[in-house]
Amino acid sequence: MVFLPENFISQAVKAFPSSGIGKFFDIKTIKPEAISLSLGEPDFVTPAALREAAVRSLAEGKTAYTSSAGVPDLREAIAAYMEERFGVPYNPKEEIVVTVGGSEAIDITMRAIINPQDEIIIPEPCFVSYKPCAALAGAKVVTVPTSMETGFKVTAEELEKYLTPKTKALFINFPSNPTGVIMSREDLLPIADFVKKHDLLIISDEIYAELTYDSEHCSIASLPGMKERTIVISGVSKAFAMTGWRIGYICAHSAVIRAILKIHQYVVMCAPMIGQYAALEGLKNGGGEVALMAAEYKRRRDYVVPRLRAMGLPICEPGGAFYAFPCIKETGLS
Ligand code: PMP
Numbered sequence: 003m004v005f006l007p008e009n010f011i012s013q014a015v016k017a018f019p020s021s022g023i024g025k026f027f028d029i030k031t032i033k034p035e036a037i038s039l040s041l042g043e044p045d046f047v048t049p050a051a052l053r054e055a056a057v058r059s060l061a062e063g064k065t066a067y068t069s070s071a072g073v074p075d076l077r078e079a080i081a082a083y084m085e086e087r088f089g090v091p092y093n094p095k096e097e098i099v100v101t102v103g104g105s106e107a108i109d110i111t112m113r114a115i116i117n118p119q120d121e122i123i124i125p126e127p128c129f130v131s132y133k134p135c136a137a138l139a140g141a142k143v144v145t146v147p148t149s150m151e152t153g154f155k156v157t158a159e160e161l162e163k164y165l166t167p168k169t170k171a172l173f174i175n176f177p178s179n180p181t182g183v184i185m186s187r188e189d190l191l192p193i194a195d196f197v198k199k200h201d202l203l204i205i206s207d208e209i210y211a212e213l214t215y216d217s218e219h220c221s222i223a224s225l226p227g228m229k230e231r232t233i234v235i236s237g238v239s240k241a242f243a244m245t246g247w248r249i250g251y252i253c254a255h256s257a258v259i260r261a262i263l264k265i266h267q268y269v270v271m272c273a274p275m276i277g278q279y280a281a282l283e284g285l286k287n288g289g290g291e292v293a294l295m296a297a298e299y300k301r302r303r304d305y306v307v308p309r310l311r312a313m314g315l316p317i318c319e320p321g322g323a324f325y326a327f328p329c330i331k332e333t334g335l336s
């Protein structure tokens, strides 16, 4: 028999394209003068105090597995942070799990909640991994387009049109990758009502919460009756310039966390220990560094956005994250 490897690859994997980001890496290899604007990657090095905390943890011989849910001190620091910054109290013993980046958090959250053919509503444009992770978990992905006209915000009215008896969850991400748009408390209140009215879960990727510029980030979990219905996905990659350390986290109802933890234990066992100690230092003492980096991103946004507009490229003002998403229709490009 001739061996045809493609016959052995799962249909689900074949069904979605590889991440387009890889193509940009290839271009950059061939053309060193090219500047890649494609990746959500802070250009700062992780602050020195955090790197030192990691070195200290190594010197102390902290090189083993940690508790699967994450180092207890780190979970406590995450709980304190979530309460202080966003007014949502979580029990560090049963409502938080530390993951291998926000990426693993997205994957195992989907797998923990989805039954075959459950529908999950995902507004677009969105971060690259949401749709493949949902599809791999067996969900039917229902995308809701948003546009410049509505400021790339999703509305309850629009969501109603995509609702079916099989809808299980809504996935949102603010500040958004790739639009940089944020949703205020007033914008989120009707979304929360929609979720409660239809007995849905909401997965809220808030990994850019610290990079919110002219207002305070509002977590949808902080709205009345929403904490138990919300799975917050976050992490230290963006706020603390720690993409390479691979530390994220999930905050949710204890029953949801128990389900997520089952998968996490089988798949990765735990997040890397040194990364957890660096993240702990960041959450405890790194606020000043975050503010400095956020101020620099804001300065760049204030530089880039008017210039894109002056070039004839309309753009919704990014309220957070570090993305500028101009409309290029005028250029004739797709
Ligand atoms: N969510 C969003 C919206 C992101 O932009 C990214 C990274 N670009 C992630 C999650 C994944 O983050 P991490 O590096 O912590 O896996």
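In this text, residue positions in the sequence shown follow this note's numbering: the first is 3, and each later residue adds one. C-beta: ideal position from N, C-alpha, C; glycine also.
Simplified DSSP state of A171, which is helix, strand or coil: In the structure shown, A171 sits in a strand (DSSP, three-state: E or B).
With 16 other Cβ atoms within 10 Å as the buried cut-off, status of P167: exposed
Under 7 Å from any heavy atom of ligand 1, does the C-beta of T232 make it? no
Could you compute how far the alpha carbon of I29 sits from the alpha carbon of I122? Between the alpha carbons of I29 and I122 lies a gap of roughly 34 Å.
Indicate, with yes or no, if ligand 1 has a heavy atom lying under 7 Å from the CB of F129. yes
Indicate the three-state DSSP secondary structure (helix, strand or coil) for L203 in the structure shown. strand
Nearest-angstrom Cα separation, counted from S221 out to F206: Looking at the sequence provided, one finds Ser at residue 206 rather than Phe. In a straight line, the C-alpha of S206 is about 8 Å away from that of S221.
Taking a contact to mean a Cβ-Cβ separation below 8 Å, would you say E332 touches L310 in this structure? No; because the gap between Cβ atoms is not below 8 Å, this pair is not in contact.
Touching by the beta-carbon criterion (3+ pairs, under 8 Å), the stretch 316–332 and the stretch 294–307: yes
Kindly indicate which residue of A241, D75 and V307 has the alpha-carbon position closest to the one of N93. D75
Assign I116 to one of three DSSP states: helix, strand, or coil. coil
Using only the alpha-carbon positions, how far apart do I108 and G140 sit? 14 Å
Just confirm the distance between the C-beta atoms of E162 and P147, as a whole number of angstroms; I'd bet it's less than 8 Å. About 15 Å; that fails the 8 Å criterion.
Taking 7 Å as the line, does the beta carbon of D207 fall inside it for any heavy atom of ligand 1? yes
Inter-stretch contact at 8 Å, needing at least 3 Cβ pairs: the stretch 247–267 / the stretch 102–119: yes
With hydrogens ignored, establish whether the beta-carbon of S105 is closer than 7 Å to any heavy atom of ligand 1. yes
Considering only their Cβ atoms, is the gap separating T232 from I204 smaller than 8 Å? Cβ distance < 8 Å, so I204 and T232 count as in contact.
Would you kindly report the start and end of the unbroken beta strand (DSSP E) that includes V234? Note, V234: beta strand (DSSP E), T232 to G237.
Quick check: the Cα distance between G63 and A243, rounded to an integer number of angstroms? Cα to Cα, the separation comes out at about 25 Å.
Under the rule that 16 or more other beta-carbon atoms within 10 Å means buried, what is S224, buried or exposed? Buried is the call here.
Length of the line joining the Cα atoms of G246 and F88: If you draw a straight line from the Cα of G246 to the Cα of F88, it comes to about 26 Å.
Output yes or no for whether 8 Å exceeds the beta carbon distance between L60 and I276. One thing to note: L60 has its Cβ within 8 Å of the Cβ of I276.
Under the DSSP definition of a beta bridge, which residues are partnered with G355? Any question about residue 355 goes unanswered here, given that the chain covers just 3 to 336.
Hey, is I108 close to ligand 1, as in C-beta under 7 Å from one of its heavy atoms? yes
Of the residues A14, S239, L285 and P34, which one's Cα is nearest the Cα of E85? L285
T101 (DSSP reduced to helix, strand or coil): strand
Tell me the residue span of the beta strand (DSSP E) that contains I124. I124: member of the beta strand (DSSP E) spanning E121 to E126, first to last residue.
Would you check whether ligand 2 has a heavy atom nearer than 7 Å to the C-beta of N179? Here the bound small molecules are ligand 1; ligand 2 is not part of this structure.
Following a CB-centred definition, is S239 positioned closer than 7 Å to any heavy atom of ligand 1? yes
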